[in-house]
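K.L.:
Everything in the sequence shown is counted per the numbering used here, starting at 34 for the first residue and increasing by one. Just so it is clear, CB atoms sit at the ideal spot from N, CA and C, and this is done for glycine as well. It should be emphasised that the depicted structure is a prediction, and the values quoted were computed from it without experimental measurement. Quick one: the structure is below, questions incoming.
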Amino acid sequence: MSEEQMKRRTDKDILVDLMESYGDMVVRVAFTYVKDQQLAEDLAQEVFIRCYQHLHTFEHRSSYKTWVYRITVNHCKDHVRSWSFRNLIPFEPMKIEKGDQSHSVSEEILKEEENQVLFQKVLKLSLKLREVIIFYYYEELSVEEIADLLSVNVNTVKTRLYRARNSLKRMLKGGEVIE
34 MSEEQMKRRT
44 DKDILVDLME
54 SYGDMVVRVA
64 FTYVKDQQLA
74 EDLAQEVFIR
84 CYQHLHTFEH
94 RSSYKTWVYR
104 ITVNHCKDHV
114 RSWSFRNLIP
124 FEPMKIEKGD
134 QSHSVSEEIL
144 KEEENQVLFQ
154 KVLKLSLKLR
164 EVIIFYYYEE
174 LSVEEIADLL
184 SVNVNTVKTR
194 LYRARNSLKR
204 MLKGGEVIE
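So, in structure tokens, the structure goes:
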């Protein structure tokens, strides 16, 4: 559905479309901040409540996707800074699934284990490094989109990606995380 068609629809219809289109993305992004599946799902619900409450303020200068990303990132950052989050320790890992390829069962199992190991290493990065890795590799956003989303300079995103990649390399070789 085009942005123009969505402009003419009711707020409820738009919210349903946003939830269907971006629900999984919102949960994945929230998970990168809180590292807990249930909490990520709760935050996603809160994000869509905020979207519904602020639909009338959407000015169509960006896409709905960018708008939902921005609300998600801001809400998750607020939550991570909250007292209740800082005094709780989330544990449950979440699987991020991408694509459908036909390989042998053993190849798929090995690939899934490697992906889980890598994702667990990503989750050990500092928030600033973790978020750019998730947005760039898992959400497939461009460096420019990430910079706009996080309200930082493009070069800042590039630097964070560079540092995150180097930290991941060290971790995969058995070294410590350098943040």
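Please classify Arg193: is it buried, with 16 or more other beta-carbons within 10 angstroms of its beta-carbon, or exposed?
P.N.:
buried
K.L.:
Determine, using beta-carbon pairs with one atom in the region 97–117 and one in the region 188–202, whether at least three such pairs fall under 8 Å.
P.N.:
no
K.L.:
According to DSSP, is Val185 helix, strand or coil?
P.N.:
In this structure, Val185 counts as coil in the three-state DSSP scheme.
K.L.:
Straight-line CA distance for Val185 to Ser54?
P.N.:
26 Å
K.L.:
What does the alpha-carbon distance come out to for the pair Ile228 and Tyr170?
P.N.:
Within the shown structure, residues of the chain are numbered from 34 to 212, placing residue 228 beyond reach of any answer.
K.L.:
Which one of Cys84, Ala63, Ile167 has the shortest CA to CA distance from Leu151?
P.N.:
It is Ile167.
K.L.:
Taking just the CA atoms, how far does Leu205 sit from Ile82?
P.N.:
39 Å
K.L.:
Taking the CB atoms as reference points, tell me whether Cys109 and Val62 lie closer together than 8 Å.
P.N.:
yes
K.L.:
Is it the case that the Cβ atoms of Val60 and Glu79 are separated by a distance below 8 Å?
P.N.:
no
K.L.:
Whose C-beta lies closer than 6 Å to the C-beta of Tyr66 among residues of the same chain, with five residues either side of it excluded?
P.N.:
Cys109, Val113
K.L.:
Excluding the 5 residues preceding and the 5 following Tyr85 in the sequence, name in chain order all residues of the same chain whose CB lies nearer than 6 Å to its CB.
P.N.:
Only Leu48 meet the Cβ criterion.
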